[in-house]
Structure formats: structure tokens, C-alpha cells
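*Asks:*
There are 4 protein chains.
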Amino acid sequence: MSSTFGKNVKISVSGQSHSPALGVIVDGLPAGFDIDMDALDAFMQRRAPGRNKFSTPRSEADKPEFLSGLVGTTTCGAPLMAIIRNTNTRSADYDNLRDVPRPAHADFTANEKYRGYQDVSGGGHFSGRITAAICIAGGIALQMLKKQGIEVFAHIKRIHGQNAQSPTDYTPDELDRLRQVSAKDFPVYDDEAGERMKSEITKASANGDSVGGVIECAVIGLPVGVGEPMFDGLESRISAAIFAVPAVKGIEFGSGFGCADLYGSEHNDPFYMDENGNIKTKTNNHGGILGGISSGMPLVFRTAIKPTPSIAKRQESVSLSRHENAPLEIKGRHDPCIVQRAVPVIEAVAALTVLDLLIDTPNYNL
Amino acid sequence: MSSTFGKNVKISVSGQSHSPALGVIVDGLPAGFDIDMDALDAFMQRRAPGRNKFSTPRSEADKPEFLSGLVGTTTCGAPLMAIIRNTNTRSADYDNLRDVPRPAHADFTANEKYRGYQDVSGGGHFSGRITAAICIAGGIALQMLKKQGIEVFAHIKRIHGQNAQSPTDYTPDELDRLRQVSAKDFPVYDDEAGERMKSEITKASANGDSVGGVIECAVIGLPVGVGEPMFDGLESRISAAIFAVPAVKGIEFGSGFGCADLYGSEHNDPFYMDENGNIKTKTNNHGGILGGISSGMPLVFRTAIKPTPSIAKRQESVSLSRHENAPLEIKGRHDPCIVQRAVPVIEAVAALTVLDLLIDTPNYNL
Amino acid sequence: MSSTFGKNVKISVSGQSHSPALGVIVDGLPAGFDIDMDALDAFMQRRAPGRNKFSTPRSEADKPEFLSGLVGTTTCGAPLMAIIRNTNTRSADYDNLRDVPRPAHADFTANEKYRGYQDVSGGGHFSGRITAAICIAGGIALQMLKKQGIEVFAHIKRIHGQNAQSPTDYTPDELDRLRQVSAKDFPVYDDEAGERMKSEITKASANGDSVGGVIECAVIGLPVGVGEPMFDGLESRISAAIFAVPAVKGIEFGSGFGCADLYGSEHNDPFYMDENGNIKTKTNNHGGILGGISSGMPLVFRTAIKPTPSIAKRQESVSLSRHENAPLEIKGRHDPCIVQRAVPVIEAVAALTVLDLLIDTPNYNL
Amino acid sequence: MSSTFGKNVKISVSGQSHSPALGVIVDGLPAGFDIDMDALDAFMQRRAPGRNKFSTPRSEADKPEFLSGLVGTTTCGAPLMAIIRNTNTRSADYDNLRDVPRPAHADFTANEKYRGYQDVSGGGHFSGRITAAICIAGGIALQMLKKQGIEVFAHIKRIHGQNAQSPTDYTPDELDRLRQVSAKDFPVYDDEAGERMKSEITKASANGDSVGGVIECAVIGLPVGVGEPMFDGLESRISAAIFAVPAVKGIEFGSGFGCADLYGSEHNDPFYMDENGNIKTKTNNHGGILGGISSGMPLVFRTAIKPTPSIAKRQESVSLSRHENAPLEIKGRHDPCIVQRAVPVIEAVAALTVLDLLIDTPNYNL
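Chains as they are written, first to last, in this note's numbering: chain W, 139 to 504; chain P, 139 to 504; chain E, 139 to 504; chain G, 139 to 504.
#1: Strictly below 8 Å CB to CB, what residues from chain E border Thr-142(G)?
#2: Have a look at Ala-180(G), Ala-356(G), Asn-416(G), Pro-436(G) and flag the residue whose alpha-carbon is nearest the alpha-carbon of Glu-462(E).
#3: Taking Cβ-Cβ distances below 7 Å as the criterion, which residues of the stretch 451 to 465 of chain G are in contact with chain E?
#4: Among all the DSSP beta bridges, which residues are the ones paired with Cys-397(P)?
#5: Give me the residue from Gly-346(G), Pro-361(G), Ala-270(G) with the minimum Cα distance to Asp-473(G).
#6: Kindly say whether Thr-213(G), judged by its beta-carbon, lies nearer than 7 Å to any beta-carbon of chain E.
#7: Please state whether the Cβ-Cβ distance between Ala-379(P) and Val-487(P) is less than 7 Å.
#8: Nearest by alpha-carbon distance to Ile-149(G): which of Ser-457(G), Asp-407(G), Ala-279(G), Glu-333(G) is it?
#9: Here's the rule I'm using: 16 or more other beta-carbon atoms within 10 Å means buried, otherwise exposed. How should Asn-422(G) be labelled?
#10: Starting from Arg-296(G), trace the alpha helix (DSSP H) in both directions and tell me its first and last residue.
#11: Using a 10 Å radius around the Cβ and a threshold of 16 neighbouring Cβ atoms, would you call Thr-251(E) buried or exposed?
#12: With 7 Å set as the bound, which would you pick, yes or no: does the beta-carbon of Lys-148(W) sit closer than that to a beta-carbon of chain P?
#13: What number of angstroms, rounded off, separates the C-alpha of Arg-460(W) from the C-alpha of Gly-363(P)?
#14: Measuring only the C-alpha atoms, how far is Ile-376(G) from Phe-381(E)?
#15: For the beta strand (DSSP E) that contains Pro-465(E), what are its first and last residues?
#16: Pop quiz: Gly-396(P) and His-405(W) are said to be a contact at Cβ under 8 Å. What is the actual Cβ separation, rounded to whole angstroms?
#17: Take His-298(P) and list the residues in its own chain whose beta-carbon comes closer than 6 Å to its own, dropping the five residues that flank it on each side.
#18: Starting from the beta carbon of Ser-265(E), find every residue of chain W whose beta carbon is closer than 8 Å, and list them in chain order.
#19: Which of the three DSSP states, helix, strand or coil, is assigned to Phe-171(P)?
#20: Which runs of the beta strand (DSSP E), 3 residues or longer, sit entirely within the stretch 374 to 446 of chain E?
#21: Determine, for Asn-406(W), whether the minimum Cβ-Cβ distance to residues of chain P falls below 7 Å.
#22: Could you check the C-alpha separation between Lys-444(P) and Ile-288(P) for me, to the nearest Å?
#23: Which residues in chain P sit within 9 Å of Gln-281(G), going by Cβ to Cβ distance?
#24: Report all residues from its chain with a CB closer than 7 Å to the CB of Pro-217(P); omit the five preceding and five following residues, and keep chain order.
#25: Under a CB-based cut-off of 7 Å, is Asp-347(W) close to chain P?
#26: Suppose contacts are defined by Cβ-Cβ distances below 7 Å. Is Gly-261(P) in contact with Ser-141(P) by that definition?
#27: Can you confirm whether Ser-152(G), when its beta carbon is compared against all beta carbons of chain P, has any partner nearer than 7 Å?
#28: Spell out whether any CB of chain W is found under 7 Å from the CB atom of Met-175(E).
#29: Do Ile-274(P) and Ala-220(P) come within 7 Å of each other at the CB atom, strictly closer than that value?
#30: Taking the straight line between their C-alpha atoms, what separation do you get for Glu-485(G) and Gly-425(G)?
#31: If you check the beta carbons only, do Ser-455(W) and Pro-239(W) fall under 7 Å apart?
#32: Run down chain P in chain order and give the residues with a C-beta less than 9 Å from the C-beta of Gln-256(G).
#33: For Leu-316(E), would you say it is in contact with chain W, using Cβ-to-Cβ distances shorter than 7 Å as the test?
#34: Within 7 Å (strictly less), CB to CB, does Gly-161(W) reach chain E?
#35: Leaving out five residues before and five after Met-175(G) in sequence, what residues of the same chain have Cβ atoms less than 7 Å from its Cβ?
#36: In whole angstroms, what separates the C-alpha of Tyr-327(P) from that of Val-483(P)?
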């Protein structure tokens, strides 16, 4: 097991879908930061279940209880600990999964690794529910970054073949529009595409099926020089954290996989001096990162999210006890699409990683 | 700077393009393994420059000198240290880059981060040349894995819009064919596509331009249970290491970004019991990983490699000293495409990561 | 802040003396271990305050509440999280300490490091109370080790100049006697010396003063080969963890500082073959460790614990606000001696460190 | 194996006593520091063998060759790599030790851990010779600290029962005298005691025996606030690094084990405001550290070094092949006392640890 991450701001994430609580300890947060608890609650609600018809009917308040690390609402330098009680669990729904693993879930691999001792109920520690704990830490990181003039914006880029527009240049107008995306139930930059996406989800749901998508995330306002070369480059650290989020199948920065079809002369982003004497690039195929280090341009990455593996349709699987093929029908309450709920999680993970690396950036005291 | 990686097998990578030598210290290799030095040399040659007309004319033997960690050719439990002398350097080629950073290179970000103290020559520590040091460690890891029945196969999947076939099921015949790919100057599974790719490279080169591509890599023979959940999952650890390789823009596992267009009922890989009583999946959209843990199916991932940023064509940049726009013409010797040379590097990085996680797999003593 | 420790079994410790709760997340515990909750409670009681007249009258049940990581009472491979609520806090006792730091406490250094944002109340995160969280993790580690035939025994070796006997050879009889030491209110191997020690404490207490001492700890039953050379040697890892316990001023292994007065011919422990064909040493100046690696002999170390810094006597200090010297009288409830309460903490820390290294010992599967 | 250390400045140490070379990679050194190579050579000579009649006659120049990390003699932000060739090896001297392990050496434990594959010659990776590699990194760290006004002074405190004086208050005069200690062949603060110590060494040597001792080390000029609570406190980090030095049996900070005999009212160091408005303590039992964090007072610690285990006298051991007791006579060239040579090693280790933590100290940019 390895549910810890970070060098300066270290998080340790705990909890199972149906354990008494989820929790997180965050070690190394700068002291003296006053957390806006209302803003944090609002952020938590963006991920919380039961928010709209596209997510599981399981209802959880997801309100963190802070057990340490604060004096009042201000960080005191000591490790911050927060928990969320699990209240609305129906473990009986999962009884048959101990023997018949769900396709595309960790039931089978966890059973082998933990020799049958894993917590089967609700997917245990492998449940997407664990991301609520990450969001507590990430929600605080987002506030800390914002105070430094750094904002993180994720939005749905694609769902089941339906693509949405993205900002083109992160102009002030586009940033305003991105800020409004966060407040939406369905966080898409381009509402027209959003309607098409919703239709896809509705259609899949009606068929007992599910769909996946792509989330785009931009970090705006990073100074030049954040990130280290090689294994602690921005891409290495962000990708390592992003793949900790269940259901992620890929990540790309800037031009991403599209770079394979371009000439160097097209892909290289020309430098120029802007009117304020800052060095910028005319295009942003590099996605704001050169040599693992931020260039001062928007840091842009995209994450592929697979279709929710829990579907109502009957599936083929095996019986672990009888060593034979066995059909599977999944009970329980599931999301036909988790992409919209994963949007704040991606922001949380990006914020934590950037904050951690920002602390190592010389001349940048938090 | 962070040029160290690994939990059990820890590598520390050092060197600049034009420093006296590159080097690597590998801490934690199991004792008692006899390195096949001929096989290691052959592996190093796959990455070495000057091998064919598609790579830089800079000629380097890239033969590692072992300074510690061995008794004869057998690992002794002590950290292994190996170096490669840089011999064929022409630093004068890089004089102008101190002032005018190359687009899509780390010249600009390194200059800001290290306040002008970075080694400009040949790209310094950010040069692709550093991957030679990784390949020493990775070449040994590949041999150790092979002894455990685990093989790693990378091949060129795409170059500038030209796609090559892949194995479909990793049958014994397909594995034999993959083993032959490694011996090729141009490591492609599908030679007909290889010819089309070579044409693209030749055309770009003739225009003073460059092209990028995609590399596919499969790890075959992994037992079930390798990898840890969350931040030490196979995807997290592999991606963190892969993005340390210069020029990587994206990584995807199994279905990757394609998952965004599938229904759950299509994407979920049905389990079945094979004739030997092993649990397998009918398809492999999960890419051999569920919940960060190996499923026993082939671990498959793809990596996007950008077009070589150093091109002969005149480009737009800025003068750091004069604070104004400035054109750039790059001298020096460069590859019109580095995808073919990156193939063994991807294998090396995958092998090191898998070996590191394998050591943590219970009941698996190396 | 850095309140995390361990490579395989990673603990993250949280809490302040007067925060809502203390907590610990333990990542990497082997799955399938059934925790004896009664034994754990008994272990926690050995450290808990209010147990006898030599400790603070602050009364805390110190009963851990488990929030994740278990199915029933059995570890499931997921991170284990447990908390202890702080109930009996009297923060008003600490109001004056924000301005006038207590000598030999972290009040002053914390104030400088956290720029006044630290939690002053009860010493905040620097309070010895935090060791309760370590004891939860350590109590489980002790049980896991015991199942492997490894036992950890700490006892009071010295208090304010009064020395107690130690076992000489860890014979079966001596081990039985050590097992009984754990059950004592005042855990000393030699009760006669224990009475002299208690007199010293009583005398100090009557004078509004405090005393310190030395704790000896032995780990019995370790196989040969636990520990790694250099920075992950047994001494490096144990000492790093032991100094995390408040009030520790020194640590020595085997002969310790006494080695400075011996000849090599006296200090070298001769090897011999015992009647069962095991290699042992006639003496144990090496304290069971050679080159950082366990030798199979008892691992023995001693830890110096300073006199409790909180004393009733008036002391000299400074006013941080007025920038002048200022007298200090400490209110609150304090232990005249914490050595006896530190005994189980030393056992907990030793057990966690040994368990972590044991997992890396080849052919030793937990 | 674990021969890596550090969070920000990470060292990876490599080499065996008789391998082609020793080496070190240092990742994370601040860029732009110009190394004084003459001063570094002089520092290396303090540890080098063959310097006087009290050390082994094996003669090694111990001059580091820098392979990367520099532009000229200035750090460039890339990992620094340096090696020292082993030239004067006589491996035949060690043939018999494969079968008959030396008492108090790692021969036996290494043989068990590495199943006979360890490098026996000269003690392999467990040899004190490895500290030469640490001294390269540490020598640079000492220069970096000095530029920040921080100096590290170690000297011999005790040898075989003979105690030397120490500075009492680290006054300017005492610091001048400490600076001269470094230049001495026999680095003792108190020359009269030094003569008594030398007599002890001479006497032991004449008898084919050896002696041990204690080294005291002070770090002067540390600002308040260096170090983190709990596991990354100054004591935790320094002790972990110090125990990586072969032959260390104990470490104590400030009052150390002596604290066990004092009342709290004696041991607590009263704070006062000095004439410049700085907060200081009247005594320094806390050794410059409170709660793991530097207080601004001199950081003082002492390290116990065991008698050199390689002695000419016949000893008792066992034959690993014949499973029976066997006498041992050690050939080879050995030091009758290594305390004087360990003095710069202690300084090197302290400097590396302090530099690493200093980088994490807010408002302190290197």
C-alpha cells in the first residue's frame, strides 16, 4: 500500500468506501494560512455524490471534521488531520463480489494481493470515494495557490465522443468564463457541447451502461522555474498523482499525443518578448513546461477517464471459489458517468502537486 | 534538481551532455546476479548515437565503465556505479544558446531556475544524452526481469501520422516477432509501416525539420499482484519515470484516451478461466493493471514523443541580454527523429520501475 | 513539519496536546493480521497519563478509535487510521506561555519557525502527548513482531543517578522476568533500585522539580540480516525514530559510550558456534548489530531522557513582546518524571522501525 | 542496501574498499557556488590514510575527480558526481576472511544478508574507506555553510579514558582556537590531553591492539528555526547520518546521557535577552536544539567511536564452511585508532545534514 504523496506538503490518505471514516493527514502546510471553510465546503460539494441525476443516489454530506493542525481556522504548522464519516453505506450490496470480481474493478487484483483480506465492501480502499479525502487537502492547496495568484481550472473536454471547446489563450475574458465553469453542476466550458454530453450519459444510463471522457486542466499564474528536472519534473509529479485517481487511463501535456503528427517547425513554440518585457511563447504546445520546469505559460494537461466500470448490464466474470466462469449482475448505486465528479478531484491533485513544488522554488516563500 | 528515483532499487543519475562523464549509482540491486556484459553492450548500442542515418552524427561508444557494486561481473549487494565518458563533444556549437534560448528546449527555464549558472553546452543535464546513464541501470534491470520470466518489448507505434500494427494478443508467435524487433536498426513491429515512417523522417530531414511519434511498450510475464494502490500504483510509478525522459508529452495505459469514446459494457474486460485454471480477461482495455496492481495480462502503455526540438530551420526566439526578439539558427548535430532511439530508453525505464515494485510483491524473492 | 516515518510501514502522526484529537495513519501494514484489541488497550494504558502518583493528574482514556484499515479487527491492506480524542484539556493554563517561553521546551523555537502561528496550548504538536498516536501504531507492530517470535523489552535503567540492574544474557529466565516488567506501574527490572528511583522522584516532586533517566531496550529474536548498510542501518533508523520522541538527549547501542575506554581486544565480541550450530558472540558489545545489520544477538540500546522541563519552580525567561527578561511560573499539570511513561513509547518506536526493516529482509514474509 | 540520504541535498554513496573507485552523486546542490578546490583537497587530506604514524600505512591520494555538476569549478544545478580511484589495494590480505569472519566487523552479517556474494576484500562497502566519498560531498557542504556564516568544528574529546577540554562558551577566542584544531595532525582542542591520548594509542599499537574514543562536534552560527519537528528534527537527521559512519556506537546532544543525573531546575537552560536584543540561554544543556529546531545557540553533539576492530592480536572466531570454532589472525594494514581520522568525517556528515535542513528554513535562500 502506498497512500502517501509529496515532498514538502505530504499527504497520507486513508479510508475505505464503507469504513467508519475517510481521512487525510497533511504534513508540511505553511503555518499562518486562514482556511476559508465555506469555500472549502463548496469545493467539497462539487465532488460529493447525489448532486445531480448523473451521479449515484448515495447521499453523503462530505463535510470534513478537522481534528488537528489548526488554531481556529488557521494552519499552525502542525500536521493537519481531517476526516469524513461514512454514513450512507449499504454493504450488503457487495456480498457477491467477494467471489465474483467485477470486470474493470480492482476486486480481482486486490484479492490476489491481500490474499482475501481486502475490504470488499464498496470497493474498499480502491473506491472513488477515497478522492473525497484528497479533495480536503487539495481544496486547501487551491486556496493557498490562489493567494499567490495561481488558479487551477479543470473542465470536461470530452464525453463519449462529444468534444467541448477549450479556452484558446487564457485571456482575462476566458479566465472569467472558466471561473464560472466551477460553479456549474456540469462543469463544461461550452454549454452546447455540454448538452450533447448529457444526452450521451442519459442514453447510456437508460441502457444500464456508462460512459467515460476527458478532463482538461489548466494552471494559470505559475511563475517561471517551478518543478525540477527529470524525476521531479512537473509532468512526472503531476502524472504520478493523477494516476492515483481511480479510472484514469492516460495523461498528456500541451500538444500531448497530437505531437506525433506535427513537424518540429510546427510544434516548437516561438519565444517572443511581450509588451511588459516578459518572455512568452506564441503557441503553447509545450503546455507550460520545458525540461520539467514551468515556463510561465499556462500549464495545460488532459486526463482520460474510463467509463464507470460498475454497470447494471449483466457481465461475464469468474467465481474465485468454484474456479469457473460465472455471470455477474452488480447491485448497488452507481454513476453512469463519473467524469463530471472527477473534475474537482483533478483540480485538487494538480493543486497539491504544484504547491509542493512551489515550496522548492527559490525566492518563493509561502 | 531531482535525478533520483525508486524505492527499493534506487537510481541516481548524473551528467551533462558535455561534462567529463555521465554516470549512475544504482542502490539496492539484489546480490548475486551475474550481468551479461555483452548483452548489456548490445542494449546500450540500441540507444547510442551515430547508429544510422536518422540519428545525430555525434559518435559515442557509450560503453559503461563499472566502478563499484560488482565482484567480477556479479552484483555484490553494494551500490553499483557506472560511468560513460563523453568524448565527442563540440561545445562551441552552443555558444549562442546562452543568450538566445531554443524553442521547445529547457534553455529558457533552466536559465531562470539556475540564474544563468546552468551548463548550456549541449543542453547540459537536460540533454537526451543523459538517458544513456538510465540505460545502464535499465539494461541490468531487463536482464534481472528476464531471469524471472518477465520481458519488456517496446516498438515504434506511430511517426508523423504513420501508424504501425501492434501485436493483438501477445501469442508465442507474436512474442517471437517482438524479440526480433529489438535487433532492428529501426524497431518497428510492422516493416511496411516502418518504410513509410522512414520516408517521413527523410522528408523532414531534407527540409531541416524533425518529426515525433508514439512508442508502444508491453511488459509480458508479470505475476498478478505487482504494484501498490494509489500513489505507488503501476501507472503512477511508470508515468513518473517515463516523463523523466526528455521529449515525452503523454502516456496512456491499455485503451488510454480511446476509453473516452466507449461504453462501459464495451470497455470492461470480461474475466474468464483459461484451460490452465488461470483467470484472464478476454480483452485488455485495462492494459494489465487494475487498481494500480498487475492483473497478469500484458501491461501495455504508449508514450508520445515530440518532434526533436533542435531543427536546422531558422526560428523565432528572444535575446535574454538585449530583452528583444531575436532569430535563432541552431548549429550542432541533431537527430531529425529521436523516436527510434527512445525505444530502448522506454524499455529501460519500464524495467527499472517494474523491478522496483516486484521486490515489494510478497512471495517474490529476487 | 515532518511527522511521517518509514519505508514499508509508513506512519503519519498528527495532533496537538489540545486539538480535538490525536491521530495516526499507518500505511503498509501486512494484510490479514488480527489485532488483539485488549492487548493493545493494555499497552496504551502503560503510557497513559494519570496512572500513578508520578505522572500528571490529567486523565485521558487514550482508547483509540479505528476509522479505517480494518475489516472487523483484521488488517485489510488499506491504510489504518486511528484517533484518540482529547477530552481533558485546560488550555487556559497556557495563556502566558505565548509571550514567555518555557526553558527547555519548544515554545521559543516553534514561535520563531511558525511566526507566532504555532499552537501554544499544551505545547501543541511538540507535546509528549503526541506519543500516544505513535503507541497505537507501535502497539500493533509489537503484536506483529511477537507473532514472528520477536519481542521488545524496555525498562528503566537509571533515574537521577540511581542505576538498576539489567539482564546479563537474556536467558529464558531473564526473558520471563522482563515480560513481567511490562505489567508493572514502574517498569524496572530491579525492584530494589526501583524503590530508590521512586524516592528520587518523590523528592524532586516535593521540591517542585523533576528528574530524568535512561531507558534500556532489547529486541530479542531478530533473525540475522535485518537492516541495511549505511543510512538505513538499524542504528540509523532506530535513532532517527527515537529522537522524534520528546525529551530524548542521547542514544547508544551495545557498549555505547563505554567503548571509548576499552581496547579492541576487549571490545571485539568473539564468535563461537553454539550447541545448535548457530553462530553467536560470547559478549555483546556490538549490541546485536554489525555494519547496520542484525547479528542474531540481542539488539540492545539505551536512551537518555531529560528531566521534565515543566517544573513548578520559578524560572528565568524572556518576554517575547517586551524584549526583556521575565520570570516564569508554569501552571498546568505536569509529571515530575516521564521516564516510566516513556518506556512503552521506546518499545513502540523500536517495534515500528524493526518491523519496517524486517519487511525488506529477503525470505522473511510477514 | 541504502546508501542514499537527504531530502533537498541528496547524496548517493558508492564504492568498496577495493573496487575500481569510490564515488558520490550529490543531487540538489544550489547552483552558482564556486568550490574552492584547494580547500576541498586540504579537507580530504585530513581524513586520508597514511598521514601519520597512528593510521594505516595504505597510501591513497584521495583526490576527487569531478565528472559532472560543474561548469569550471562552479555548481551548475545538475547533479554533482565525483569519484576517487582506489590504487593501493592488496586484496590478497583478505582471502581468509571469506571463511572466518572478523569479530566486530560486518563480515558475518554481510555474508548472511548477501548469501556469500558480498565483496569481502577490504571490508567491501562496509569499509571506513567509503567515508572518503562522503567527505567530498561534506567538504563542499562545509564551504557552502561557511559562506552563510555557519561553521562546523569537530575535535577529539576522549580516547581510551583520556579526556580533553572543550570550549566552554564558543567565544571568539575559543572559535579561533577551534579553527586551528582543524589544521592539526591530531585534532584535539587541548594539546596536553592530546599527548596523553597519543601515548594510549602508541601503547595499544605496540600490543597489536586498538583504542576508541569520543568526538565532539559543534555547529556555530545556525539561525533560529532550522530543523523540523519529530522525525525530521535536527537530532533525528543528524543521528541517522552519523550512524552511517562505520564504528559509531552512540550519539548525544547537549547534556546527553548526563541529563539523567540532573534536576529539571539544573538542566533547564534559562532564557535571557543579550545586549543585542537576541534571545539566548545562559547554559546550553539543550545543545542548541529545542523540539528538533535550532535555538540559535551552538549545536553540540558527541559521538562514540569504537576501538578499531581489526587488530593484530589473535582472536576467536568461527569457520563458516566447517561450522566450527576457528582462530583468526588478521593480516592487512590497519589503524590502531581511527578517532582522529573520523573527526573530519563527523564534520562532513553534520554539514550535509544541516545544509539539507537549512534549505527548508523559510526566508533562507542559498
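We treat Cβ as the ideally placed atom computed from N, Cα and C, and that holds for glycine.
These figures come from a predicted structure and were not determined experimentally.
*Replies:* Well, looking at it:
#1: On the fourth sequence, position 4 is the one that residue 142(G) refers to. Correct list: Phe-369.
#2: Position 324 of the third sequence, counted from the start, is the residue given in the question as residue 462(E). Ranking the options by Cα distance to Glu-462(E), first place goes to Asn-416(G).
#3: Lys-451, Gln-453, Glu-454, Ser-455, Val-456, His-461, Glu-462, Asn-463
#4: Residue 397(P) sits at position 259 when you count from the first residue of the second sequence. BP columns for Cys-397(P) are empty, so no partner.
#5: The residue labelled residue 473(G) in the question sits at position 335 within the fourth sequence. It is Gly-346(G).
#6: Here residue 213(G) refers to the residue found at position 75 of the fourth sequence. No - not a single Cβ of chain E is within 7 Å of the one on Thr-213(G).
#7: The count along the second sequence starts at 1 and reaches residue 379(P) at position 241. The count along the second sequence starts at 1 and reaches residue 487(P) at position 349. Yes, the Cβ-Cβ distance between Ala-379(P) and Val-487(P) is below 7 Å.
#8: Position 11 of the fourth sequence, counted from the first residue, corresponds to residue 149(G). That would be Ala-279(G), whose Cα lies nearest to the Cα of Ile-149(G).
#9: Within the fourth sequence, the letter at position 284 stands for residue 422(G). By the neighbour-count rule (16 or more Cβ atoms within 10 Å), Asn-422(G) is buried.
#10: Here residue 296(G) refers to the residue found at position 158 when the fourth sequence is read from its first residue. Run containing Arg-296(G): none in the alpha helix (DSSP H); it sits in the beta strand (DSSP E), 289 to 297.
#11: Start at 1 with the first residue of the third sequence, and residue 251(E) comes out as number 113. The identity of residue 251(E) in the sequence shown is Lys, whereas the question assumes Thr. With 16 or more other Cβ atoms within 10 Å, it is buried.
#12: Against the first sequence, residue 148(W) aligns to sequence position 10. Closer than 7 Å: no.
#13: Here residue 460(W) corresponds to residue number 322 of the first sequence, with the count starting at 1. Here residue 363(P) corresponds to residue number 225 of the second sequence, with the count starting at 1. Distance between the alpha carbons of Arg-460(W) and Gly-363(P): 21 Å.
#14: Here the question's residue 376(G) lines up with position 238 in the fourth sequence. Here the question's residue 381(E) lines up with position 243 in the third sequence. Each residue's Cα considered, the two are about 10 Å apart.
#15: Stepping through the third sequence from its first residue, residue 465(E) is reached at position 327. Residues 462 to 466.
#16: As a first step, residue 396(P) must be located in the second sequence, where it is residue number 258. As a first step, residue 405(W) must be located in the first sequence, where it is residue number 267. Going by Cβ atoms, the distance from Gly-396(P) to His-405(W) rounds to 23 Å, so no, they are not a contact pair.
#17: Along the second sequence, one-based indexing puts residue 298(P) at 160. These residues qualify, in order along the chain: Glu-338, Val-349.
#18: The residue labelled residue 265(E) in the question sits at position 127 within the third sequence. Near Ser-265(E) there are no residues of chain W at all, since even the closest Cβ is about 10 Å away, more than 8 Å.
#19: By 1-based counting over the second sequence, the position of residue 171(P) is 33. In the structure shown, Phe-171(P) sits in coil (DSSP, three-state: anything other than H, G, I, E or B).
#20: 386 to 391, 409 to 411, 417 to 419, 437 to 443
#21: Within the first sequence, residue 406(W) is the residue found at index 268, counting from 1. For Asn-406(W), the answer is yes, since a Cβ of chain P falls inside 7 Å of its Cβ.
#22: As a position in the second sequence, residue 444(P) is number 306, starting the count at 1. As a position in the second sequence, residue 288(P) is number 150, starting the count at 1. Computed Cα separation, rounded: 29 Å.
#23: Mapped onto the fourth sequence, residue 281(G) falls at position 143. Within 9 Å Cβ-Cβ: nothing; Gln-281(G) doesn't reach chain P, min ~16 Å.
#24: Here residue 217(P) refers to the residue found at position 79 when the second sequence is read from its first residue. Excluding sequence neighbours, Pro-217(P) sits near Ile-163, Val-164, Asp-165, Ser-206, Gly-207.
#25: Position 209 of the first sequence, counted from the start, is the residue given in the question as residue 347(W). For Asp-347(W), the answer is yes, since a Cβ of chain P falls inside 7 Å of its Cβ.
#26: Walking along the second sequence from the start, residue 261(P) turns up at place 123. Walking along the second sequence from the start, residue 141(P) turns up at place 3. Going by C-beta atoms, Gly-261(P) is not nearer than 7 Å to Ser-141(P).
#27: One-based indexing of the fourth sequence puts residue 152(G) at position 14. It does: the Cβ of Ser-152(G) has a partner Cβ on chain P nearer than 7 Å.
#28: For the purposes of this step, residue 175(E) is taken as the residue at position 37 of the third sequence. Cβ-Cβ to chain W under 7 Å: no for Met-175(E).
#29: The residue you call residue 220(P) lines up with position 82 of the second sequence. The residue you call residue 274(P) lines up with position 136 of the second sequence. Going by C-beta atoms, Ala-220(P) is nearer than 7 Å to Ile-274(P).
#30: Indexing the fourth sequence from 1 puts residue 485(G) at position 347. Indexing the fourth sequence from 1 puts residue 425(G) at position 287. The straight-line gap from Cα to Cα measures roughly 16 Å.
#31: By one-based count along the first sequence, residue 455(W) stands at place 317. By one-based count along the first sequence, residue 239(W) stands at place 101. Closer than 7 Å, so yes.
#32: Counting from one through the fourth sequence, the residue named residue 256(G) turns up at place 118. Under the 9 Å cutoff, chain P gives Ala-169, Val-209, Cys-214, Gly-215, Ala-216.
#33: Along the third sequence, read from residue 1 onward, the residue named residue 316(E) stands at position 178. Closer than 7 Å: no.
#34: One-based indexing of the first sequence puts residue 161(W) at position 23. Gly-161(W) counts as touching chain E.
#35: If you number the fourth sequence from 1, residue 175(G) lands on position 37. Around Met-175(G): Thr-211.
#36: In the second sequence, counting from the first residue as 1, residue 327(P) sits at position 189. In the second sequence, counting from the first residue as 1, residue 483(P) sits at position 345. The alpha-carbon atoms of Tyr-327(P) and Val-483(P) are separated by roughly 17 Å.
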